[in-house]
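Novice:
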Amino acid sequence: MSSPESSLPSVRQQALAALTAELAQQGHPPEYAQHMAAAVIFQADLDLCAAQLARVLSWLKQNHPELYPEAVQLVDTTREEFERRVQNG
1 MSSPESSLPS VRQQALAALT AELAQQGHPP EYAQHMAAAV IFQADLDLCA
51 AQLARVLSWL KQNHPELYPE AVQLVDTTRE EFERRVQNG
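So in our numbering, the last one in the sequence shown is 89, and the numbering has no gaps at all.
Structural data, given as structure tokens:
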């Protein structure tokens, strides 16, 4: 049996193709429709990651309160490191 992670690329490719076709059918030029579809899927992926992280942190806070502060600190440190990398190019 394949893992859910192994099917993600094909699901994303199918979603990209379907959304691109829908946007093109609505009258958007094909090259723009593909970029628009990719942006929509990318935003959905970001929203999913944020929701997953929030749920894990909530679970930690409730079930493992001794680990919660360290987890929040790790999240903040990761954000700060990312912001530094973006600023430094």
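Using N, Cα and C, we set each Cβ at its ideal position, and we do this for glycine too. These numbers were taken from a predicted model, which means no experiment stands behind them.
The alpha helix (DSSP H) spanning L46 covers which residue range?
Specialist: Here the alpha helix (DSSP H) through L46 covers 30-63.
Novice: When you compare only the Cα positions, how much space is there between L57 and H64?
Specialist: One alpha carbon belongs to L57, the other to H64, and they sit about 10 Å apart.
Novice: Check whether the Cβ atoms of L19 and A37 lie closer than 8 Å to each other.
Specialist: yes
Novice: Using only CA atoms, which one of A71, H35, V86 lies nearest to A21?
Specialist: H35
Novice: Just the Cα atoms here: how many angstroms apart are V75 and P9?
Specialist: If I take the Cα positions, the gap works out to 26 Å.
Novice: Taking the C-alpha atoms as reference points, what is the distance between K61 and A15?
Specialist: 35 Å
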